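Numbering (mature numbering (1 follows the signal peptide of the UniProt record, and there is no 0)) for the sequence shown: -26 to -1, 1 to 121. Beta carbons are placed, not taken as given, at the ideal position from N, Cα and C, and that holds for glycine. Fair warning: this is a prediction, and the values are worked out from it, not measured in the lab.
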Amino acid sequence: MGGRSRLLFLTALGALALGGCTPAEAPQPGPVAPGPVTPTAPTGPAEPAGNQSYARDMNAADKAACTSGGGTVQRRGMLGMEMCVHAYADAGRQCTDSAQCEGKCVGSAGSVAPDKAATGQCQADDRLFGCYAEIKGGKSAYAICVD
């Protein structure tokens, strides 16, 4: 097979493979018999597409349960959602393994190569956001960004 025909073959093969990635159309519902329509008042804010809830505020009962359990209500993450946050007593203490902390032993993501010795700090609370590396056995085990 010559260079040009090989290129044509690979292009056709790639197009065929990508064609399999096209989503199939969902079956359309059949006709609905007309009937009386009773208008109703909306009972709350409209939900986002896909029935996902993006409520940013905790309800009063959840806030009360949080504070009575020793937590504080804080806004966290890119959406600024209210969350119940519990501080760790060993927050900021130097560590070389998560077993030395109430939470995780964390360092700056990307600051230490996985094969080099590393130290970190015990995480401040139970709602860890941002980019960090978990320190295990005195080395950076992995780096991750959470939001």
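- Task: Sort out for me which residues DSSP pairs M32 with in a bridge.
- Result: M32 pairs with nothing; no bridge assigned.
- Buried or exposed: where does G94 fall if 16 or more other Cβ atoms within 10 Å of its Cβ makes it buried? buried
- Query: CA-CA distance, V120 and F103?
  - Reply: 5 Å
- Host beta strand (DSSP E) of M57 (start-end): 55 to 59
- Query: What's the C-alpha gap between Y116 and C58?
  - Reply: 26 Å
- So the beta strand (DSSP E) A73 belongs to, where does it begin and stop? A73 -> no beta strand (DSSP E), and no H or E assigned at all.
- Message: Can you look up S42 in the DSSP assignment and give me helix, strand or coil?
- Response: helix
- So, do the region 104 to 111 and the region 74 to 83 have three or more beta carbon pairs nearer to each other than 8 Å? yes
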